[in-house]
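Going by my numbering, the sequence shown opens with residue 14, and the numbers climb by one from there. Even for Gly, the Cβ is constructed at its ideal location relative to N, Cα and C.
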Amino acid sequence: MGKEKFGVHNPDIHVSKSSLYVVATPIGNWGDMTARAIAVLNAADVIAAEDTRVTGQLLKQYGITTPMISVREHNERAMAEKLIARLAAGEIVAQVSDAGTPAVSDPGAVLAASVHAAGFKVIPIPGASALTTALSASGFSCAHSLFYGFLPPKTKQRCDELTRLKDSPYITVFYEAPHRIAECVADMSSIFGAEREAVLCRELTKTFETIRRGPLAELAEWIKNDPNQQKGESVVVVNAAPPAEKDEAAAHDQVLVPLVAELPVKQAVALAQAITGAPRNALYERALALKKAEQE
């Protein structure tokens, strides 16, 4: 797979000078490298790699000898200036992360933003992404999805974030490290509800790939009891909150709205709680919002 077929001599693939190419690379299976990605990496004057050792293994697979420099989270701003100078000199810069698409829970956004600000082209070379790979295999049908990425590593902050996302009407996609996946899915089960459907996608495209769909409580128990599921990188796709949760809030409004229109807030809330059984604090906050809207 040298330059004769995929490289700069391929007339079907055009590479522009003074441009930053953001190149997606495989997330596990070498066969997922695209012909255009290979051509760009061959044609580039330099490859900005997250870890040159990791990218070096990829380049070796395809006989690519383009020199590399390390551009990581801690040095991305400083390296951006140097790479912009190379773009100004007419060079081609390709950026890659260790796997998948740069800037998606990986370094890359700072360099791309700097290149935009300097007035040079930023050209994406699409390819593998754990996000879209997991979504495509989830089987969840929803018009909208939310990519969260990595949750906070500490339990309290993680649970706070999950609580904030509990009633989201969107499919939500999380990335998680192997040493946290068991407690993370257990927290999801506790906060989102044991019966909320989710899909665990582990080691996507690799030899020991796992894709399993089921209720969060079932997935949490399975991960806990199978140490193999606590190895490698994971993507967790959680289905949207069930419509019933939204319907319940609407039903509470049917009771609360007329009461707030006729009674003081405290009395309206007390009656609404007696009728619906809903939490007082939630009803009180909603009553204040309704009263404010009424006065405006």
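Short Cβ contact (8 Å threshold) for residue i with residue j
i: leucine 303; j: alanine 285; result: no
i: glutamate 89; j: proline 120; result: yes
i: proline 163; j: serine 118; result: The sequence given here places phenylalanine at residue 163; proline does not occur at that position. In contact: phenylalanine 163 and serine 118 (Cβ atoms closer than 8 Å).
i: glycine 140; j: threonine 220; result: no
i: alanine 116; j: aspartate 180; result: no
i: proline 214; j: alanine 147; result: Residue 214 is actually cysteine in this sequence, not proline. Yes.
i: serine 158; j: isoleucine 184; result: yes
Where residue i sits in the DSSP three-state scheme
i: cysteine 155; result: coil
i: methionine 81; result: strand
i: valine 212; result: strand
i: proline 256; result: helix
i: lysine 304; result: helix
Residue i, buried or exposed, once every other Cβ within 10 Å from all chains shown has been counted against 16
i: glutamine 308; result: exposed
i: arginine 177; result: exposed
i: glutamate 208; result: exposed
i: glutamate 86; result: exposed
i: glutamate 216; result: buried
i: alanine 13; result: Because residue 13 is not part of the residues shown, which for the chain are 14 to 309, the question remains open.
i: glutamate 63; result: buried
i: glycine 113; result: buried
i: arginine 293; result: exposed
i: glycine 20; result: Only weak support exists for where glycine 20 lies, its pLDDT of 47 falling under 50; the value from the coordinates is given anyway. It counts as buried.
i: glutamate 298; result: exposed
i: alanine 306; result: exposed
i: asparagine 55; result: buried
i: alanine 195; result: buried
i: asparagine 241; result: exposed
i: aspartate 200; result: buried
i: alanine 122; result: exposed
DSSP bridge partner residues for residue i (one or two, in chain order)
i: lysine 279; result: None, per the DSSP bridge assignment.
i: glutamine 242; result: Answer is none; glutamine 242 lacks a bridge partner.
i: threonine 185; result: Leu159 and Val251
i: cysteine 197; result: Paired residue(s): none; cysteine 197 is not in a bridge.
i: isoleucine 138; result: Val36
i: glutamine 108; result: Val35 and Ala61
i: proline 191; result: Beta-bridge pairing links proline 191 to no other residue.
i: proline 228; result: Glu210
i: threonine 223; result: Arg215
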